[in-house]
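One structure is given below, encoded as structure tokens.
Number of protein chains: 2
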Amino acid sequence: MNPNRQFKNEIYEQFSRIGKAVSNPRRLELLDILCQGERTVEGLAKETAMPVASTSQHLQVLKNSRLVEQEKKGLYVVYRPAPMVCEFFLSMRRIAETRIAEIEQIKNRFLAGKEGMEPMDRDTLLRRIREDAVTILDVRPPEEFRAGHIEGAVSVPLEELGLMLAKLPRDQEIVAYCRGPYCVLSIQAVEFLNQNGFHALRLEEGVQDWRAMGLPVASGD
Amino acid sequence: MNPNRQFKNEIYEQFSRIGKAVSNPRRLELLDILCQGERTVEGLAKETAMPVASTSQHLQVLKNSRLVEQEKKGLYVVYRPAPMVCEFFLSMRRIAETRIAEIEQIKNRFLAGKEGMEPMDRDTLLRRIREDAVTILDVRPPEEFRAGHIEGAVSVPLEELGLMLAKLPRDQEIVAYCRGPYCVLSIQAVEFLNQNGFHALRLEEGVQDWRAMGLPVASGD
DNA sequence: CTACTATTCAACAACATCATTGAATAGTAG
DNA sequence: CTACTATTCAATGATGTTGTTGAATAGTAG
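Written out as structure tokens, the structure is:
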């Protein structure tokens with residue numbers, strides 16, 4: 092074969108390893124979760140409702156295409172996205188959102204019938220933050236909050252929301268966020284809060300989006 | 092099934108349409124070429140040495156995942172990348188380049204034995220440009236030059252390089268570029284120029300990279 | 001209307017990917 | 001050393017993807 096042709100074939104073959112890795116919905120979900128912070132195989136399996144063996148296999152694929160890194164930590168193997176991968180995933184998500192009409196449809200169908208799900212827009216939220224007229228809840232699991240959260244947000248994992256009701260303000264807007272537009276935690280939180288007489292709204296953006304917009308992100312407690 | 096689970100499955104299923112589109116080396120090559128400017132099916136088939144029918148089928152896949160748009164122009168159907176797609180492709184390429192060691196190997200193996208292929212680095216080139224001490228050749232086909240080129244570059248398609256030798260300076264460095272690090276046009280151009288007594292160097296970056304670095308790009312003639 | 005052209009479609013066999021299952025491994029705790 | 005745990009491996013059938021081939025389509029030019 093023409094050596095130029097062969098060179099190109101080999102190069103694009105290598106590029107396609109990245110593509111193959113992100114061509115499977117399960118692996119995309121894994122990547123999405125990993126972009127919120129590192130996780131064990133078990134943790135990912137639980138979060139995605141997949142068998143552990145499948146989860147492990149998908150993680151192998153992601154590892155072989157160099158999109159994730161692994162590290163043994165005590166009893167567990169912890170996976171973590173490789174550098175640049177979350178930005179890459181975000182750019183893929185953006186294309187999908189703007190170009191694939193079905194996504195909007197699926198979202199609308201899912202949200203139909205749920206009250207008060209119109210997302211709060213960034214600018215309004217930023218104004219409220221300046222006026223100190225809003226409480227921001229991060230309803231993700233605590234380890235994700237620790238790995239990075241919107242500056243000023245309070246960690247109230249969805250599971251503990253019921254116990255925390257007494258401590259939340261009834262005279263102020265509450266804004267809940269989670270992993271992004273396709274994470275259901277904040278939806279459930281807002282539903283629950285509104286049923287209990289709070290004035291709650293959802294923020295669609297996740298920490299990734301927040302950071303990508305150049306807004307302040309904190310980590311730790 | 093749990094409606095939350097179903098929602099996630101459907102959403103990630105949609106995301107994966109983008110991934111599936113870029114999971115095939117042929118389609119990546121097509122995308123790469125399209126990022127240099129729009130093309131007909133025939134043109135793409137010739138450029139990639141694929142049968143026309145295969146080319147068309149791959150283009151259908153790209154169209155169904157909304158990565159390219161098509162437009163009928165006279166006798167031909169012209170394909171063009173959708174907005175954001177070239178940036179997405181670039182970010183994919185960057186991850187592959189930095190994380191997949193095989194790519195470096197393949198490149199080295201291909202370049203082995205070819206003289207003077209050490210690429211010129213940006214900063215040196217920018218200095219030479221300021222000093223007006225360099226001629227920059229765009230050795231891609233003319234339509235790609237027209238769609239966008241490095242400011243100050245001269246269009247000398249590889250095929251016409253032989254005819255243009257008399258017009259090129261022998262007392263000045265010549266820098267040739269093409270579509271990017273994996274395009275062989277500039278390699279062939281530099282080889283040919285050096286064999287004919289010129290002092291030629293290769294610029295690895297293509298117009299996309301150039302633009303992404305915030306450097307000036309022009310279009311038209 | 002006819003000949004022609006660029007593109008797409010349809011069908012096939014070869015090959016790759018997927019989820020699932022149960023077993024294997026390697027390392028920890030007692 | 002033994003029991004246990006988290007993870008990985010291996011094998012399987014079902015399902016998708018690929019490239020190839022030749023035919024179909026739709027639109028243009030004469």
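Protein chains in written order, with the working numbering: chain B, 92 to 312; chain V, 92 to 312.
We put the beta carbon where it would ideally sit given N, CA and C, even for glycine.
query, result
"Quick one: give me the first and last residue of the beta strand (DSSP E) that V/Asp229 is part of.", "Val225 to Asp229"
"Sort out for me which residues DSSP pairs V/Tyr167 with in a bridge.", "V/Lys164"
"Taking the continuous alpha helix (DSSP H) assigned at B/Ala291, which residues delimit it?", "From DSSP, B/Ala291 is part of no alpha helix (DSSP H) but of the beta strand (DSSP E) over Ala291 to Arg293."
"What in chain V is Cβ-close to B/Pro116, meaning under 8 Å?", "Asn100, Tyr103, Glu104, Phe106 and Ser107"
"Could you give the residue range of the alpha helix (DSSP H) that holds B/Val281?", "Leu276 to Gln286"
"Could you please give the first and the last residue of the uninterrupted alpha helix (DSSP H) stretch that includes V/Tyr103?", "Pro94 to Ala112"
"By Cβ distance below 8 Å, which residues in the same chain neighbour V/Thr226 in space, the five residues on each side in sequence not counted?", "Val245, Leu259, Pro260, Gln263, Glu264, Ile265 and Val266"
"In the segment 192 to 220 of chain B, which residues sit with their C-beta less than 7 Å from some C-beta in chain V, listed in chain order?", "Glu193, Ile194, Ile197 and Phe201"
"In whole angstroms, what is the alpha-carbon distance linking V/Glu101 and B/Ile197?", "7 Å"
"Are the beta-carbon atoms of V/Val230 and V/Ala309 separated by less than 8 Å?", "no"
"Cβ of B/Gly311 less than 8 Å from any chain V Cβ?", "no"
"List the residues that DSSP assigns as beta-bridge partners of B/Ile74.", "The requested residue 74 of chain B does not occur in the structure, where chain B is confined to residues 92 to 312."
"Going along the chain, which residues of its own chain have a beta-carbon closer than 7 Å to the beta-carbon of V/Pro307, five neighbours each way excluded?", "Glu242"
"Given 8 Å as the limit, is there contact between the segment 181 to 193 of chain V and the segment 161 to 179 of chain B, that is, 3 or more CB pairs closer than that?", "yes"
"Are any of the Cβ atoms in chain V nearer than 8 Å to that of B/Phe283?", "no"
"Go ahead and label V/Asn50 buried or exposed: buried means 16 or more other beta carbons lie within 10 angstroms of its beta carbon, across all protein chains shown.", "Outside the modelled stretch of chain V, which goes from 92 to 312, sits residue 50 of chain V, for which no answer is possible."
"Between the segment 126 to 150 of chain V and chain B, which residues of the former have a C-beta closer than 9 Å to a C-beta of the latter?", "Thr139 and Ala140"
"Tell me which same chain residues have a C-beta within less than 6 Å of the C-beta of V/Leu150, skipping the five on either side of it?", "Tyr170"
"Could you pull the start and end residues of the alpha helix (DSSP H) that B/Ile220 belongs to?", "Arg213 to Arg221"
"Looking only at C-alpha atoms, which of B/Phe179, B/Ser147, B/Glu129 and B/Pro233 sits nearest to B/Lys164?", "B/Glu129"
"Does DSSP put B/Ala309 in a helix, a strand or coil?", "strand"
"Under the rule that 16 or more other beta-carbon atoms within 10 Å means buried, what is V/Arg200, buried or exposed?", "exposed"
"Applying the criterion that 16 or more other CB atoms from any shown protein chain within 10 Å of the CB defines a buried residue, is B/Val143 buried or exposed?", "exposed"
"To which residues does DSSP link V/Ser246 through a beta bridge?", "V/Asp229"
"With 8 Å as the limit, tell me which residues of the segment 179 to 190 of chain V have their beta carbon closer than that to any beta carbon of chain B; keep them in chain order.", "Phe179, Ser182, Met183, Arg184, Arg185, Ile186, Ala187, Thr189 and Arg190"
"I need the boundaries of the alpha helix (DSSP H) containing V/Leu122, first residue and last residue.", "Pro116 to Leu125"
"To which residues of the same chain is B/Pro210 closer than 6 Å at the C-beta, ignoring the five residues directly before and after it?", "Arg293 and Glu295"
"Please confirm if V/Arg171 has its CB atom under 8 Å from at least one CB of chain B.", "no"
"Mind listing the chain B neighbours of V/Lys111? Cutoff is C-beta to C-beta under 7 Å, in chain order.", "Ser114"
"Please report the residue range of the alpha helix (DSSP H) in which V/Leu259 lies.", "Here V/Leu259 belongs to no alpha helix (DSSP H), and DSSP marks it neither H nor E."
"Helix, strand or coil for V/Arg270? Go by DSSP, reduced to three states.", "coil"
"How far does the alpha helix (DSSP H) with V/Gly134 in it extend, from its first residue to its last?", "Val132 to Thr139"
"Measure from the C-beta of B/Leu119 to each C-beta in chain V and report whether the shortest distance is under 8 Å.", "yes"
"Nearest chain B C-beta to V/Met175 closer than 8 Å, yes or no?", "yes"
"Please identify the residue among B/Phe98, B/Lys111 and B/Thr131 whose C-alpha is closest to the C-alpha of B/Leu166.", "B/Thr131"
"For B/Ala112, is the classification buried or exposed, using 16 other Cβ atoms within 10 angstroms of its Cβ as the cut-off for buried?", "buried"
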